[in-house]
Amino acid sequence: MSQLGLQQLSSPEDADIDIVFVHGLFGNRVSTWSKNGVLWPKQLLSEDLPKARIFTFGYDADVTKRNLNEEVTKGTMDSHAADLCEKLAGLRSKTENSDRPLVFVAHSLGGLVCASMVVKGALGDGTDNPSLIANHTRGMVFLGTPFHGSPVAPWGKAISSMVSVIHATDSQKVVPERNSWIPGFADHSSINADHSSMTKFADEDSPGYQSVLAAIRKVSSNLEEQTDPTSSTAGVVNNNWGEVKNQVLGDQTIHGGMTFN
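Mapping of the sequence shown onto full-length UniProt numbering: residues 1 to 261, in sequence order.
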């Protein structure tokens with residue numbers, strides 16, 4: 001069975017929010033979020049957030065299929081982001097409530113895909129797929145995403161460095177704690193797990209699951225206050241390919257973004 005594209009995990013009739021999970025390097029849309037046979041966004045989160053439509057998105061994140069000396073470029077991120085936007089916008093257009101608020105939960109490289117998506121949407125014409133998705137995004141929860149680094153380093157170089165660490169030793173942290181922060185724009189928490197297992201929870205009593213659930217609830221709790229979609233999307237990000245400033249993104253601001261190291 002293909003692990004690419006969107007898979008819907010929960011579809012309540014009275015849904016008031018869409019939550020989309022985006023995996024990271026070497027992951028896929030099921031295994032990244034599973035432990036002991038429990039796909040927790042489907043089996044746990046849907047119980048705690050019964051009015052959420054829940055999706056998981058898969059893309060080709062296995063860089064071992066390529067030359068390891070070849071950089072994963074910003075263009076690659078843009079391509080994955082465009083694919084996510086196209087599939088999500090198409091699915092949402094078939095519902096009665098295509099302007100339903102969106103929250104993204106992203107791991108590792110998936111956080112950069114989501115950041116690329118929001119930037120593309122903010123710079124769009126307001127009617128293209130990236131704009132339609134970005135304008136309804138209310139928050140993002142990042143798990144181990146390497147946002148912080150040299151302000152002049154190309155995005156591809158930052159990702160390439162992360163890949164080299166993964167292949168050096170499984171015991172090392174893939175993303176140093178300081179590199180997964182978004183300075184000034186997000187709350188920060190920690191999960192007591194390594195980079196690959198920080199997204200895997202077998203039951204609702206897992207401290208990591210409770211932390212992520214709290215983050216999603218915190219983002220969702222602001223939804224009633226956010227009536228203007230252009231004033232509430234996740235939009236200002238400092239990362240390795242430069243600063244995306246608020247004046248470039250117009251009204252859009254990042255709030256509700258949360259990172260886990």
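For glycine and all other residues, C-beta sits at the position ideal for the given N, C-alpha and C.
- Using a C-beta cut-off of 8 Å, the segment 7-15 makes no contact with the segment 75-87, since fewer than three inter-stretch Cβ pairs fall below that distance.
- With distances taken between CA atoms, Gly-111 lies nearest to Val-22 out of Leu-6, Leu-123, Val-22.
- Selection Gln-43, Gly-24, Gln-7, Asp-18 evaluated against Leu-143 yields Gly-24 as nearest (Cα-Cα).
- One thing to note: Val-212 has its Cβ within 9 Å of the Cβ of Val-105.
- Of all C-beta pairs linking the segment 197-207 to the segment 34-47, three or more are shorter than 8 Å, placing the two stretches in contact.
- Arg-92 sits in a helix when the DSSP states are folded into three classes.
- Here Leu-4 is exposed: its Cβ has fewer than 16 other Cβ atoms, across all protein chains shown, within 10 Å.
- In the DSSP annotation of this structure, the continuous segment of the alpha helix (DSSP H) that includes Arg-217 starts and ends at 207-220.
- In this structure, Gly-124 keeps its C-beta atom at 9 Å or more from the C-beta atom of Thr-137.
- In the three-state reduction of the DSSP assignment, Gly-139 falls in the strand class, which pools E and B.
- Straight through space, the alpha carbons of Val-219 and Ala-193 are spaced by roughly 23 Å.
- When the alpha-carbon of Leu-6 is set against those of Glu-96, Lys-87, Val-103, the nearest one is in Lys-87.
- In the DSSP assignment, Phe-57 forms a beta bridge with Leu-6, Val-22.
- A residue is called buried once 16 or more other Cβ atoms fall within 10 Å of its Cβ, and Asn-135 is buried on that count.
- Taking C-alpha positions only, Ala-89 is separated from Leu-45 by approximately 23 Å.
- The DSSP-derived three-state label of Ala-193 is coil.
- Boundaries around Ala-122 are those of the alpha helix (DSSP H), 109-122, since no beta strand (DSSP E) includes it.
- Just measuring C-alpha positions, the residue of Ala-52, Gly-27, Ser-93, Leu-49 sitting nearest Asp-62 is Gly-27.
- For Ala-15, there is no enclosing alpha helix (DSSP H), as DSSP marks it with neither H nor E.
- Residues Met-77, Asp-78, Ala-81 of the same chain have their beta carbon placed closer than 6 Å to that of Ser-116, with the five preceding and five following residues left out of the count.
- Taking Cys-114 as the centre and dropping the five residues before and after it, the same chain places the C-beta of Val-22, Phe-104, Ala-106, Met-140 closer than 7 Å to its C-beta, in chain order.
- When DSSP states are grouped into helix, strand and coil, Leu-39 belongs to the strand group.
- According to the DSSP assignment, Ala-134 belongs to the alpha helix (DSSP H) that extends over 129-134.
- The Cβ atoms of Pro-50 and Ser-108 lie no closer than 9 Å to each other.
- Cβ-Cβ distances below 6 Å link Lys-42 to Leu-9 in the same chain, with the five nearest sequence neighbours on each side left out; the list follows chain order.
- Here Ser-131 has Gly-121, Gly-124, Asp-125 as same chain residues with Cβ atoms under 7 Å from its own Cβ, once five neighbours each way along the sequence are excluded.
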